[in-house]
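Asker: Structure provided below as structure tokens; questions to follow.
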Amino acid sequence: MDGPHDLGGRQFFGPVTVDEPEEAFHSDWEARMWGIDQALSPVPGVNLDWWRHVRELIDPVDYLTRPYFDQWMQIEAALLIDSGVATIEEIVSGKAATASPDLEPPIGPEKVRAASKHVTRYDRADGPPPSFRVGANVRANAVGAPGHTRLPAYVRGRVGRIERFCGAHVFPDAHARGIDRAEPLYTVRFEAEELWPEARAADAKERRACVHLDLWESYLEPA
Amino acid sequence: MDGPHDLGGRQFFGPVTVDEPEEAFHSDWEARMWGIDQALSPVPGVNLDWWRHVRELIDPVDYLTRPYFDQWMQIEAALLIDSGVATIEEIVSGKAATASPDLEPPIGPEKVRAASKHVTRYDRADGPPPSFRVGANVRANAVGAPGHTRLPAYVRGRVGRIERFCGAHVFPDAHARGIDRAEPLYTVRFEAEELWPEARAADAKERRACVHLDLWESYLEPA
Amino acid sequence: MTTYDSKRVAHIHRELHDHLPSDSALRVKALESLLVEKGMLNRAAVDQWIELYTDEIGPKRGAQVVARAWSDPAYKKRLIGNATAAIDEFGFTGSATAHLRAVENTRDVHNLVVCTLCSCYPVSILGIAPSWYKANEYRARAVREPRSVLAEFGVSIGDEVEVRVWDSTAELRYMVIPERPAGTEGWDENRLAALVSRNSMIGTDRDLSPARKAPQR
Amino acid sequence: MTTYDSKRVAHIHRELHDHLPSDSALRVKALESLLVEKGMLNRAAVDQWIELYTDEIGPKRGAQVVARAWSDPAYKKRLIGNATAAIDEFGFTGSATAHLRAVENTRDVHNLVVCTLCSCYPVSILGIAPSWYKANEYRARAVREPRSVLAEFGVSIGDEVEVRVWDSTAELRYMVIPERPAGTEGWDENRLAALVSRNSMIGTDRDLSPARKAPQR
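Chains as they are written, first to last, in the working numbering: chain A, -6 to 216; chain Y, -6 to 216; chain B, 143 to 359; chain R, 143 to 359.
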């Protein structure tokens, strides 16, 4: 999806705010929203890639302007409405007007510590073997995908080199549609000169740089 | 430049506002700003491509959110400050605190009608001859340009067909740096299937469509 | 003299962002006052420009051109061959129409004009571009989902019709010559021109039949 | 059951945009109340999650890992070979660290981690990501102008040093092993860990010398 989230290499954004307070949470509502997201009953069918795609689908201007955890609120609200668990009126008022859903009960405080150690693996031992060898040159697809994808625009059509095979991992483009299917995943190294026109100038300020991305096999073709 | 202005094909923007009033100007300040832009003394060195680039350099969020003619105000303000004609304090206060610049005097009302008929040509009879023939397949550059360019991201790396040779026209990438240099210009036709992944689906809603762009020779290579 | 320095200008924009009032009308009012005080602007000239584009230079010009093309096959040929010269027959050349191209709708083809990178528009024959033409939504979507955009304008395009989108990336400007509707045999140019909506010359209107209700402008 | 329907969700987002209050705190408060009333949320569990990530799960964990890697060459080898297993020796595996990779700074190499597409971050060893890491500016610029971004963090990278940026596009998470600074010979792991800033494990800090002033967190 060519959406507002695909920010890599977009130019003339301003300076990074480097003098941020050290605390984990900068306001109470941010902490609450983060905690709600950890603790709420899972909505059936929601997985990490679909959740990410739901964020990508936020109105482009809202995506670029609303605070980060405010966007989490909107993701959860959209998922609740999409699933028929809540109505928009309930979300806005904060008051239930329809029946409670028949979902897995929410986690209690006594189980939080154990849950914090829970690990979700995305590699699949029975996935297909890799077609590319370490050291091979590959070109990333020039065309993106209409839905969720993890191939950023800034590497499309560009040539990189396979640095590492990472095993077969769940393919996000399918996972965001509810399908758990694995594909070989590679770490691919792209030189700055391949990605950024200004890096090719003899007096380029940004010299001796490269970007590594983890890319699935169907994003790549031999080069 | 990979900036916020390069909007073609960005997905999930909302509906178009089709029920707009018919009047040319929807508020007095819009009309004033438009008129100011027509009537003010030209700032030396400013041309259409540099003016466009100055718009592209507006903070990305402001670009996507501030009203259209408000952005014109900011372009003119930035050009005045850049050229040393005004200070930011003068722009904000609306009161002159520094000497008046030695510029061409502004147009008077009696000359407006004649000025409205003024035509600025961008073709150059002495420009280089075309290298591509009508009907030839060409691939647009995969990498953009660091500064102003008129090659949108959505055609980069894609193959189209030369539909027409338009003569040699002033090359915007150079013009935005103050250089008047012409290059062959072509109208290039790209099929929807080449541009948009969803148009390749058997049940695509957007069928039988193509996009034409006017592209300069150095944006293209044989395909 | 301007500097052509992108980084410098981006920095100036951030300063302006931090210091300008949020209200657009206040911003413009201060700019106008300053320019007048600096001797760079004549207020009466601004008034005159606004008057000219409010009363005279607008889509009625384009409609006259289309009506003549419908009425006079030789003119239509000239318009398609060299639109800049053809509008000059009316004295309509001017801002942004030094390089004009007219593209013709037929039963099998529908044309749609956009400027994805900014807001290029054939000003001297269509006037000030509508806000939607300059808005993010239209610029983003017209090239990718023209049929969906047209549907929002109430225009349904059959599967058998090819949609040709024209993205104004250079100094060529585009105008659409809509199809002459049935039921207008023998009409004179003035009567025909009254049928030609602004949107039909951009491509966001298609059926100009006299019988239709509420034409989309 | 969720629908996986992008158009439907985009429409819901526009509805939410039109109907939600602008204030984020009000939005979240209403959501929390609703979820509790619907039996989908236990407030005490929310409190517990916040407490855990405020007090315990944060960059101090990563600093311990780095300090051990500096002190114990065999551990460092395990960390670089299989970081997930190596942090599990501390009991630190958890959210977003099922597939962790540790990349090492040297005199000739500087590593910088970003997630251009969202906000992927090795949460169970570094805690909640700083706001700048999730902000448009860092996400846009870190891959294109890493040296300029690092300069804003007060980190100057010589021309002879290669900058390796890691864009977290899959479920692999990245942590940087900064260089052990000179002047720390014989220090124990706790003393070393106190030198390791959060930013040094993201790559926006480099020189961890005990002598330096005001380390960037």
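Don't be surprised by glycine CBs; every beta carbon is placed ideally from N, CA and C.
Fair warning: this is a prediction, and the values are worked out from it, not measured in the lab.
Taking A:E23 as the reference, give the member of R:A167, R:E174, R:L176 with the closest Cα.
Answerer: Closest by alpha carbon: R:A167.
Asker: Could you run through the region 266 to 284 of chain R and flag, in chain order, every residue whose CB is less than 9 Å away from some CB of chain Y?
Answerer: Residues N278, A282.
Asker: Taking 9 Å as the CB-CB cut-off, is R:L337 touching chain Y?
Answerer: So no, R:L337 is outside the interface.
Asker: Alpha carbon to alpha carbon, how far is A:A169 from R:A227?
Answerer: The straight-line gap from Cα to Cα measures roughly 28 Å.
Asker: With distances taken from CA atoms, which of Y:D119, Y:V152, Y:D173 is nearest Y:E219?
Answerer: Only positions -6 to 216 of chain Y appear in the structure, and residue 219 of chain Y is not among them; the question remains open.
Asker: Quick one: what's got a C-beta closer than 7 Å to B:V307's C-beta in the same chain, skipping five residues either side?
Answerer: Hits under 7 Å: L254, V256, A284, V285, P288.
Asker: Would you tell me roughly how many angstroms separate the C-alpha atoms of Y:E49 and R:A336, rounded to the nearest one?
Answerer: One C-alpha to the other measures close to 45 Å.
Asker: Per DSSP, B:I344 is paired with what?
Answerer: DSSP output for B:I344 lists no bridge partner at all.
Asker: 9 Å is my cut-off, CB to CB: does B:G200 come that close to chain Y?
Answerer: Interface residue, yes.
Asker: Given this structure, state the Cα-to-Cα distance separating A:L0 from R:A282, to the nearest angstrom.
Answerer: Whole-angstrom Cα-Cα distance: 5 Å.
Asker: Since B:G200 and B:G300 are thought to touch, with beta carbons under 8 Å apart, how far apart are those beta carbons, to the nearest angstrom?
Answerer: Contact doesn't hold; Cβ gap of about 31 Å is too wide.
Asker: Which residues bound the alpha helix (DSSP H) around A:W27?
Answerer: Per DSSP, A:W27 belongs to the alpha helix (DSSP H) from 21 to 32.
Asker: Grab me the residues of Y:V204's own chain with a C-beta within less than 6 Å of its C-beta, minus the 5 sequence neighbours each way, in chain order.
Answerer: If we look at Y:V204 and ignore the five residues flanking it on each side, its Cβ neighbours are F183.
Asker: Taking the beta carbon of B:Y146 as the centre, do at least 16 other beta carbons fall within 10 Å, making it buried, or is it exposed?
Answerer: Looking at its Cβ environment, which holds 16 or more other Cβ atoms inside 10 Å, B:Y146 is buried.
Asker: Please confirm if B:R359 has its CB atom under 9 Å from at least one CB of chain Y.
Answerer: Bear in mind that the predicted position of B:R359 carries a pLDDT of just 47, short of 50, making it unreliable; the figure below should be weighed with that in mind. For B:R359, the answer is yes, since a Cβ of chain Y falls inside 9 Å of its Cβ.
Asker: For the putative contact between R:T316 and R:P264, defined by C-beta atoms under 8 Å, what is the C-beta separation to the nearest angstrom?
Answerer: Inspection of the sequence shows that residue 316 of chain R is occupied by Tyr rather than by Thr. With 8 Å as the limit, R:Y316 and R:P264 qualify as a contact, their Cβ atoms being about 7 Å apart.
Asker: Step through the CB atoms of chain Y and report whether any lies within less than 9 Å of the CB of A:Q64.
Answerer: Taking Cβ atoms only, chain Y never reaches closer than 9 Å to A:Q64, which makes this a no.
Asker: Count the other CB atoms within 10 Å of the CB of R:A186; is the residue buried (16 or more) or exposed (fewer)?
Answerer: Under this definition R:A186 is an exposed residue.
Asker: For Y:L213, which residues in the same chain have their Cβ closer than 8 Å to its Cβ, ignoring the five residues on either side in sequence?
Answerer: Answer for Y:L213: F125, V131, R132, A133, N134, Y179, V181, listed in chain order.
Asker: Check the Cβ-Cβ distances between B:Y248 and every residue of chain Y, and say whether any is below 9 Å.
Answerer: In the sequence as displayed, the identity of residue 248 of chain B is Thr instead of Tyr. Closer than 9 Å: no.
Asker: I'd like to know whether the C-beta atoms of R:N247 and R:R348 end up nearer to each other than 9 Å.
Answerer: Yes, these two residues count as a Cβ contact at 9 Å.
Asker: Would Y:P8 pass as an interface residue toward chain B - the criterion being a Cβ-Cβ separation below 9 Å?
Answerer: With 9 Å as the cut-off, Y:P8 counts as an interface residue toward chain B.
Asker: So A:F18 contacts chain R; which residues on that side make the cut at Cβ distance below 9 Å?
Answerer: Residues of chain R passing the Cβ test: I192, Y195, T196, I270.
Asker: With burial defined as no fewer than 16 other Cβ atoms inside 10 Å of the residue's Cβ, what is the status of Y:G(-4): buried or exposed?
Answerer: Label assigned to Y:G(-4): buried.
Asker: Just list the alpha helix (DSSP H) runs in the region 28 to 84 of chain Y, keeping only unbroken ones of 4 residues or longer that don't cross its boundaries, in chain order.
Answerer: Runs found: 41 to 49, 53 to 58, 61 to 75.
Asker: Please go through the same chain and pick out, in chain order, the residues whose beta-carbon is closer than 7 Å to the beta-carbon of Y:D173, but skip the five residues on each side of it.
Answerer: Hits under 7 Å: V163.
Asker: Taking B:R150 as the query, report the chain A residues whose CB atoms sit under 7 Å from its CB, ordered along the chain.
Answerer: The premise fails here: B:R150 is roughly 12 Å from chain A at the closest Cβ pair, so nothing lies under 7 Å.
Asker: Suppose you measure from the CA of B:A324 to the CA of B:V208; what does that come to, to the nearest Å?
Answerer: If you take the alpha carbons of B:A324 and B:V208, they lie about 15 Å apart.
Asker: Buried or exposed, going by whether 16 or more other CB atoms sit within 10 Å of the CB of Y:E210?
Answerer: Under this definition Y:E210 is a buried residue.
Asker: Whose Cβ in chain B lies nearer than 7 Å to the Cβ of Y:P190?
Answerer: The contacting residues do not exist; Y:P190 stays about 10 Å from chain B at best.
Asker: Residues of chain R with a CB under 7 Å from the CB of A:V39: which are they?
Answerer: Correct list: T144.
Asker: When the Cα atoms are used, what is the spatial distance from Y:F18 to B:L183?
Answerer: Y:F18 and B:L183: Cα-Cα distance of roughly 20 Å.
Asker: Using the beta-carbon of each residue, which ones in chain B are nearer than 8 Å to Y:P102?
Answerer: Per Cβ cutoff of 8 Å: N184, A186, A187, D189, Q190.
Asker: Assign B:R359 to one of three DSSP states: helix, strand, or coil.
Answerer: At B:R359, the pLDDT of 47 sits below 50, so the modelled position is not reliable and the matter cannot be decided from this model.
Asker: Y:D223 by DSSP, collapsed to three states: which one?
Answerer: Nothing about residue 223 of chain Y can be reported from this structure: the residues present for chain Y run from -6 to 216 only.
Asker: Look at the alpha carbon of A:T91 and the alpha carbon of R:S266, and state the distance between them as a whole number of angstroms.
Answerer: Whole-angstrom Cα-Cα distance: 37 Å.
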